[in-house]
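J.:
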DNA sequence: CGATTAACTAGACCAACGATCCGGTTCCAG
DNA sequence: CTGGAACCGGATCGTTGGTCTAGTTAATCG
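Protein chains in written order, with this note's numbering: chain A, 1 to 211; chain B, 1 to 211.
(1) Going along the segment 111-122 of chain B in order, which residues come within less than 7 Å of chain A, judged by CB to CB distance?
(2) For residue 95/B, which residues from the same chain have a beta carbon less than 6 Å from its beta carbon, with the 5 sequence-adjacent residues on both sides left out?
(3) What residue range is occupied by the uninterrupted alpha helix (DSSP H) comprising residue 99/A?
(4) Could you name the residues of the segment 86-106 of chain B whose beta carbon sits closer than 7 Å to any beta carbon of chain A, in the order they occur along the chain?
(5) Using a beta-carbon distance cut-off of less than 8 Å, what residues from the segment 50-79 of chain B approach chain A?
(6) Check whether the Cβ atoms of residue 104/A and residue 107/B lie closer than 8 Å to each other.
(7) Listing by chain order, which chain B residues have their CB less than 7 Å from the CB of residue 136/A?
(8) So, is the C-beta of residue 148/A closer than 8 Å to a C-beta in chain B?
(9) For residue 156/B, would you say it is in contact with chain A, using Cβ-to-Cβ distances shorter than 8 Å as the test?
(10) Just to confirm my understanding: we take residue 178/A, look at its own chain, exclude 5 residues before and 5 after, and list those with CB closer than 8 Å. What are they?
(11) Let's test the definition: count the other Cβ atoms within 10 Å of the Cβ of residue 75/A and tell me whether it reaches 16, buried, or not, exposed.
(12) Since residue 136/A and residue 127/A should fall inside the 8 Å C-beta cutoff, what is the C-beta to C-beta distance between them, to a whole number of angstroms?
(13) Within 10 angstroms of the Cβ of residue 192/A, are there 16 or more other Cβ atoms? Answer buried if so, exposed if not.
(14) Can you give the Cα-Cα distance for residue 52/A and residue 102/B, rounded to whole angstroms?
(15) Roughly how many angstroms lie between the CA atoms of residue 29/B and residue 158/B, to the nearest whole one?
(16) Indicate the three-state DSSP secondary structure (helix, strand or coil) for residue 45/B in the structure shown.
(17) Between residue 153/B and chain A, is any beta-carbon pair separated by less than 8 Å?
(18) Quick one: grab the DSSP three-state call for residue 170/A.
(19) Quick check on the DSSP output: the alpha helix (DSSP H) that includes residue 61/B runs from which residue to which?
(20) Can you list, in chain order, the residues of its chain whose CB lies under 6 Å from that of residue 89/A, leaving out five sequence neighbours each side?
(21) List in chain order: all unbroken alpha helix (DSSP H) runs of 4+ residues lying wholly within the segment 115-190 of chain A.
(22) Hey, residue 197/A and residue 196/B: beta-carbon distance below 8 Å or not?
(23) In chain B, what lies closer than 7 Å to residue 108/A by C-beta?
(24) Where residue 20/A and residue 64/A are concerned, what is the direct C-alpha to C-alpha distance, given to the nearest angstrom?
(25) For residue 108/B, name the three-state secondary structure that DSSP assigns.
(26) Here's the rule: buried if 16 or more other CB atoms are within 10 angstroms of the residue's CB, otherwise exposed. What is residue 91/A?
(27) Beta-carbon of residue 177/B versus every beta-carbon of chain A: anything under 8 Å?
(28) DSSP three-state call for residue 74/A: helix, strand or coil?
(29) Rounded to whole angstroms, what is the Cα-Cα separation between residue 183/A and residue 165/B?
(30) Could one say the Cβ of residue 188/B lies closer than 8 Å to chain A's Cβ atoms, at least one of them?
(31) Would you identify the three-state DSSP class for residue 30/B, choosing helix, strand or coil?
(32) List, in order along the chain, the chain B residues whose C-beta lies closer than 9 Å to that of residue 165/A?
(33) Apply the 10 Å Cβ neighbour rule to residue 83/B and answer buried if 16 or more other Cβ atoms are within range, or exposed otherwise.
(34) What in chain B is Cβ-close to residue 124/A, meaning under 8 Å?
Listed below in structure tokens is the structure:
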């Protein structure tokens with residue numbers, strides 16, 4: 001009785017605290033080391049407790065991924081539509097690259113509120129440019145897929161750094177790959193690719209091309 | 001002695017058999033159900049035996065993924081460069097979609113012999129169009145990333161089929177998304193996006209634009 | 001005020017996993 | 001004949017995601 005600690009303040013473990021700590025843990029140690037036990041330990045509680053707030057571990061990952069999307073600011077309307085698209089897509093890329101683990105868990109539906117908000121913003125920016133119908137859909141589709149693929153490939157390449165040497169050794173068999181696959185300026189390549197898409201959807205065939 | 005089975009023929013477990021069986025198992029049951037034990041069982045052996053041929057489970061996945069790339073035929077030279085690029089990229093997409101599990105393990109270096117062969121072929125097709133230097137690199141970069149992102153997004157969407165209904169319920173908050181996110185003609189959207197990229201790298205600024 | 005209920009916490013436990021240890025067997029080169 | 005490399009598997013280790021059961025706190029309602 002008298003040895004009892006002087007009334008611990010209630011932890012008030014909340015979904016928000018769990019997600020924030022999960023993101024921190026993922027940032028520091030990567031996706032492979034995120035376990036319910038370790039996460040609970042960092043939160044000063046037991047692993048079982050987490051399952052009151054969350055149904056499975058996948059829920060934690062879903063929430064963490066959406067939290068990453070929540071970091072990127074929504075673009076303000078107005079201005080050149082191309083600039084707005086660059087803003088949205090570039091914001092996604094920056095946020096995902098800031099948390100490299102997120103690129104490795106992109107194989108799940110992006111249905112969190114933040115992800116949906118930003119996807120809607122992308123559609124809005126494209127619709128403001130005059131796109132509509134299947135052409136609008138194709139534009140959003142290709143932009144979103146391009147940025148996802150870019151982030152995954154960059155994170156993968158940077159995470160396994162010996163790829164350059166590996167390619168150099170096989171320059172005889174893969175000459176073009178060895179010449180251009182190294183010395184990566186990721187940002188420039190990304191900007192160029194985005195430029196291809198934007199001018200392509202301006203000049204491409206079909207109806208409803210933006211100005 | 002007398003109870004001994006009449007001389008089982010040597011299993012001759014080889015890397016090829018392991019990879020083939022792994023692909024079959026992945027096709028039938030998905031990536032989550034690929035375990036070394038189950039794979040060994042299907043091969044009529046013990047799980048330990050696999051570790052003689054393979055260092056870790058990741059090796060199996062690496063090999064299986066490269067086997068998928070091995071399915072797509074290399075394009076023959078000649079003809080319109082745009083058609084050849086469509087052939088390469090479309091081949092990747094078809095093979096990856098034929099094995100949906102492959103899209104979820106794309107977050108690893110694509111350094112298998114088949115993957116490298118096809119990447120080199122992509123560079124060759126673009127170089128034949130007159131591209132070179134950073135512009136060639138940006139073209140290959142954007143095409144590869146576009147197709148990877150497309151496959152991942154499509155597989156993800158098709159694997160969790162209730163997304164459409166989910167969006168319909170939230171049509172008030174995400175009007176554009178609800179209107180265009182459903183009724184997906186994936187092939188058409190992909191072809192359109194690929195068209196954007198191809199015309200973009202023809203008409204885009206800079207030097208060395210192909211004809 | 002007392003009782004019920006929802007929110008919250010934890011220890012013990014389960015089946016399954018990747019991986020390893022150790023011991024055994026087959027086969028071929030020297 | 002022999003030694004070593006290739007090949008095989010039972011038992012086992014430590015860890016994981018998840019559940020069962022049981023306990024405690026805080027707010028609500030009659």
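Every residue gets a Cβ at the ideal spot worked out from N, C-alpha and C, and that includes glycine.
Note that the structure is predicted; figures quoted are calculated from it, not measured.
T.: Let me spell this out:
(1) 111, 116, 119, 120
(2) 68, 71, 72
(3) That residue, residue 99/A, is in no alpha helix (DSSP H); it is neither H nor E in DSSP.
(4) 103, 104, 106
(5) none
(6) yes
(7) 180
(8) yes
(9) yes
(10) 167, 168, 170, 171
(11) buried
(12) 6 Å
(13) buried
(14) 33 Å
(15) 16 Å
(16) coil
(17) yes
(18) coil
(19) 57-71
(20) 143, 147
(21) 133-159, 163-169, 175-180
(22) yes
(23) 156
(24) 8 Å
(25) coil
(26) buried
(27) yes
(28) coil
(29) 45 Å
(30) yes
(31) coil
(32) None at all; the shortest Cβ gap to chain B is about 11 Å.
(33) exposed
(34) 176
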